[in-house]
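Take the sequence shown: its letters are residues 57 to 400, numbered as in our numbering. We put the beta carbon where it would ideally sit given N, CA and C, even for glycine.
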Amino acid sequence: MPSLLDEIEPLRQSALAEMRSAPDPAALERAKGNWIGTHGKFTALMKQLGSLPKEDRPAAGRRINEAKIQLEAALAARRQELELKAALPKDPTDFTLPGRGRSLGKLHPLTQVTDDIVRSFRKIGFVVADGPEVEDEYHCFDALNTPADHPARDTQDTFYLTKPDASQPSTNNHQLLLRTHTSSVQIRVMEKQQPPVRIIVPGRVYRRDNADATHNPTFQQIEGLYVDKGVTVGDLKGTVEFVFRDLLGNDVKIRFRPHYFSYTEPSFEIDFSSPLTRKMGQEWLEIAGCGMVHPQVFENVGYDSEVWSGWAFGFGIERIAMIRYGINDIRLFYENDLRFLKQF
Ligand code: DAH
């Protein structure tokens, strides 16, 4: 009768062979059961240890244990191999196929136009200033010499916040609102800084307008303010002309029309004409408001209006972008349809 010791080696060989060649996870589990499961042949061998003569038991026990460790290692190795195999693609890979391209993002057309305008003004010494979009009535209106009964202050036209500004005395002046124009930043800058001042202020503004092709409840403006000694309307005109030509080409023509703003005197509207406006079916297009800073505004910020003079302007960025790119609906800027945005 072959001894137990002699049986170990052939069983070990067969078990290893079956595990290593298991074609799939199910076959591997079966092999495990066949050999080292509760009813496996190797397990049975261990159970027979007790029937060996005492002096043979340690050697046989050691051999069986070694074999069992080997079998468990083989099982784990094959399991990993099979898992890897299962994770591989079923079809052969064509490594010569072109890769999946990622398109590069770009700046929103309004950001591009704003950047260009800022660049033009920087050439002539202007710096960018900023102010809050949640503004108080004082900075948005009163300090700009805009009386309490002015239509722009009507609840029909302006988004007021229900909460008053807690940091301020509770007067009407400090009612909070979404700024209706960037002109409020003129005041904020002059309050903090002595002349000379040369700033531009790009930023978002809000009005209670219903959206249509030329209106949107939020849009962007650029404000400009220049304060120094002896500033004239000629400086204003020259500056506006320089910037628009820099931006839209040398054949741009500018025209000033008398107008009224409470914070400038005299005040003008700026019309502009170019091949682009003609393409849009109009010779002259109104583009901005401007004027010489009203003495009362200087007094409100503590500048001596006998010493200092200046001009200010404000225009809509969308308007410029629409002319520049031939866009006929302002809402396109805010829908963020990639088919539109990718064109710029
Ligand atoms: N704030 C005016 C608006 O929103 C534009 C404007 C007009 C700004 C005249 C100015 C100015 O600085 O002097 O329509």
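Asked, Found
"Could you pull out every residue in the same chain whose Cβ sits closer than 6 Å to the Cβ of Lys285, ignoring the five residues on either side in sequence?", "none"
"Return helix, strand or coil for Ser70, following the three-state DSSP convention.", "helix"
"Within 10 angstroms of its Cβ, does Phe317 collect 16 or more other Cβ (buried), or is it exposed?", "buried"
"Using a threshold of 8 Å, state whether the C-beta atoms of Ile173 and Ile278 are closer than that.", "yes"
"Measure from the alpha carbon of Asp265 to the alpha carbon of each residue in Lys335, Gln212, Gly345 and Pro258, then state which is nearest.", "Gln212"
"Classify Lys146 as buried or exposed, calling it buried when 16 or more other Cβ atoms lie within 10 Å of its own Cβ.", "exposed"
"Helix, strand or coil for Glu355, going by three-state DSSP, please let me know.", "helix"
"Thinking Gly280 and Phe354 are a contact (beta carbons under 8 Å), I'd like their distance in whole angstroms, please.", "So it is not a contact: roughly 16 Å between Cβ atoms."
"Short check: CB of Gly290 to CB of Asp186, under 8 Å?", "no"
"List the DSSP bridge partners of Leu281.", "Ile255 and Ala368"
"Where do the N-terminal and C-terminal ends of the alpha helix (DSSP H) with Leu388 fall, by residue?", "Leu388 to Glu391"
"Identify the continuous alpha helix (DSSP H) that holds Glu297 and give its terminal residues.", "Val289 to Leu304"
"I'd like to confirm something about Gly345: is its beta-carbon nearer than 7 Å to some heavy atom of the ligand DAH, or not?", "yes"
"Do three or more CB pairs link the stretch 319-327 to the stretch 247-256 at distances below 8 Å?", "no"
"Measure the alpha-carbon distance for Ser361 versus Val169 and round it to whole angstroms.", "34 Å"
"Thr149 to Lys124, Cα distance in whole Å?", "40 Å"
"Taking the alpha helix (DSSP H) that Ala267 falls in, what are its first and last residues?", "Careful: Ala267 lies outside any alpha helix (DSSP H) and carries neither H nor E."
"Given 7 Å as the limit, tell me if Phe369 has its C-beta closer than that to any heavy atom belonging to the ligand DAH.", "yes"
"Taking just the CA atoms, how far does Arg244 sit from Val296?", "23 Å"
"On a Cα-Cα basis, can you pick out the residue from Trp367, Arg175 and Phe396 that is closest to Tyr381?", "Phe396"
"Grab me the residues of Leu72's own chain with a C-beta within less than 6 Å of its C-beta, minus the 5 sequence neighbours each way, in chain order.", "Ala130"
"Is Met57 helix, strand or coil when you go by DSSP?", "Only weak support is given to the placement of Met57: the predicted model assigns it a pLDDT of 44, under 50, and the question is left unresolved by the model."
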